[in-house]
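Participant: Got a structure for you, questions after.
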Amino acid sequence: MTVRRRLADQQAALLAALVAGGPLPGDFDPAAAAATSEALIHKRAAAVAKAEPALARALGPEFHARFARYAASRPLPRRGGARADARAFAKTVDRRGEAGQGP
Amino acid sequence: VGIGWRPELARFVERRAGLGFVEVLAENVVPRRLPEALVSLRDRGVPIFVHGVGLSLGGAERPARRRLSHLAACAQVLQAPLVSEHLAFVRAGRLEAGHLLPVPRTREALDVVCANVRIAQDALPVPLALENIATLMEWPFPELDEAAFLAELVERTGVALLVDVANLYANARNHGTDPLAQIERLPLDHLAYVHVAGGVEGAGRYHDTHCHAVPSAVLDLLGELCARRSPAGVLLERDGDFPPDAELDAELDAIAAVVARPIPQGRP
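Sequences listed follow chains A and B, in order. FYI, in our numbering the residues of the first sequence are 159 to 261. FYI, in our numbering the residues of the second sequence are 23 to 290.
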């Protein structure tokens, strides 16, 4: 196995654990990994709120919790960045008929 | 002393007298459609550094030609004296992290990063600088510490260093490293410039948010660094919760004061 291949496997396994609900590879600190996952979701939420402020406003104080629930099972889209993330999140909100209902 | 240019800070940057340089996020720049504010800075001769976050130089894959071309185009149109990126990976397999993640500090990974850095250097029209990142987690069984990893990277590739003192502080808080010992062993002969940013404590960890005030401990570290090597520039990064101009002025003035008189003050 080449060095690049081995590094690719290690990084893919860690990233899957951090953003896609995969198992955390052995010997990582689970608490530190959980904090990292949370920070990644927080970063995504901030980017989505900036890209689509109306969506964040419509959900008000619920926004962060709702986004965290969505993001826990949905990694960042490979293309389109925060806008694509915001669209995908908005669809899950629409499906549940939750958008714009207010507090 | 400079500040990271953001659209929200365009007016502040325009107003702030004596700003030595700015830095733009490459991922937010369309080279053929520069904001007028940036064109105006460029044409007035204010140096604009290009800072990337998406190249994944610490990733297992070779840096993408498309991303390197974009960085090169940004550097050209902004007449940037250098491009900076991070010692980090941001994607792996078919997943995007959306943020900077640490590279395992093994000799094997070091070989890959060196190769990636050389590919990037060959593709860029200006020198490349690499930045140390803040992390909440570490890879198990490191073979080198961060300073040794960066030192060898610099020695083998000639890449310049962008030292983020807030990231050194964050890692010291979160992983128990000694930030002074790290500074002592960084190859400061290759220091290009320095980042300073704010953060916040939460749940027993320090979060490098770029959305809070700069802690005095970070300014102390800046003083320690400047006492050892006078940097060409020190840049404040602010990415959100933008404060009133007076607060940013005060932070930039505090940074300038440390740079001018770097012996750390108020230490026991």
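Idealized CB from N, CA, C, for every residue including glycine. None of the values given here were measured: they were computed from a predicted structure.
Under a CB-based cut-off of 8 Å, is PHE264 of chain B close to chain A?
Facilitator: Here residue 264 of chain B refers to the residue found at position 242 when the second sequence is read from its first residue. By this cut-off, PHE264 of chain B is not an interface position.
Participant: Given this structure, state the Cα-to-Cα distance separating LEU274 of chain B from ARG195 of chain B, to the nearest angstrom.
Facilitator: What you label residue 274 of chain B is simply residue 252 of the second sequence in a count that begins at 1. What you label residue 195 of chain B is simply residue 173 of the second sequence in a count that begins at 1. Straight-line Cα distance between these residues: approximately 24 Å.
Participant: Below 7 Å on C-beta distance, what does GLU153 of chain B contact in chain A?
Facilitator: By one-based count along the second sequence, residue 153 of chain B stands at place 131. None at all; the shortest Cβ gap to chain A is about 17 Å.
Participant: So with Cβ pairs under 8 Å, would you call GLU118 of chain B a contact of chain A?
Facilitator: If you number the second sequence from 1, residue 118 of chain B lands on position 96. So yes, GLU118 of chain B belongs to the interface.
Participant: Quick check on the DSSP output: the beta strand (DSSP E) that includes SER106 of chain B runs from which residue to which?
Facilitator: If you number the second sequence from 1, residue 106 of chain B lands on position 84. Where SER106 of chain B is concerned, the enclosing beta strand (DSSP E) stretches over 105-108.
Participant: For ALA209 of chain A, which residues in the same chain have their Cβ closer than 6 Å to its Cβ, ignoring the five residues on either side in sequence?
Facilitator: Within the first sequence, the letter at position 51 stands for residue 209 of chain A. The answer, listed in chain order, is ALA240, ARG241, ALA244.
Participant: Name the residues in the stretch 229-252 of chain A whose C-beta lies less than 7 Å from a C-beta of chain B; which are they?
Facilitator: PRO233, LEU234, ARG236
Participant: Would you kindly work out how many angstroms separate the C-alpha atoms of GLY258 of chain A and ALA39 of chain B, rounded to a whole number?
Facilitator: By one-based count along the first sequence, residue 258 of chain A stands at place 100. By one-based count along the second sequence, residue 39 of chain B stands at place 17. Here the model assigns GLY258 of chain A a pLDDT of 44, short of 50, so the residue's position is not dependable, and the following value carries that caveat. Rounded to the nearest angstrom, the two C-alpha atoms are 45 Å apart.
Participant: Are ALA173 of chain B and LEU90 of chain B touching if we call contact CB-CB under 8 Å?
Facilitator: As a working mapping, residue 173 of chain B is identified with position 151 in the second sequence. As a working mapping, residue 90 of chain B is identified with position 68 in the second sequence. For ALA173 of chain B and LEU90 of chain B, no; Cβs fall outside 8 Å.
Participant: Using DSSP bridges, identify the partner residues of GLY180 of chain A.
Facilitator: Position 22 of the first sequence, counted from the first residue, corresponds to residue 180 of chain A. GLY180 of chain A pairs with nothing; no bridge assigned.
Participant: Quick one: is LEU213 of chain A near chain B, going by C-beta distance under 8 Å?
Facilitator: Within the first sequence, numbered from 1, the residue matching residue 213 of chain A stands at position 55. By this cut-off, LEU213 of chain A is not an interface position.
Participant: DSSP three-state label for PRO290 of chain B, please.
Facilitator: Along the second sequence, one-based indexing puts residue 290 of chain B at 268. Residue placement at PRO290 of chain B is poorly supported in this model, since its pLDDT is 45, which falls under 50; the coordinates still yield a value, given next. Correct three-state label for PRO290 of chain B: coil.
Participant: Are the stretch 92-111 of chain B and the stretch 44-59 of chain B in contact at 8 Å, needing three or more beta carbon pairs?
Facilitator: yes
Participant: Between PRO149 of chain B and PRO103 of chain B, what straight-line distance do the alpha-carbon atoms span, to the nearest angstrom?
Facilitator: Looking up residue 149 of chain B in the second sequence gives position 127. Looking up residue 103 of chain B in the second sequence gives position 81. Taking the straight line from one Cα to the other gives about 7 Å.
Participant: Counting Cβ pairs, one atom from each stretch, are 3 or more of them under 8 Å apart for the stretch 64-71 of chain B and the stretch 95-114 of chain B?
Facilitator: Contact between the stretch 64-71 of chain B and the stretch 95-114 of chain B is present, because at least three Cβ pairs lie under 8 Å.
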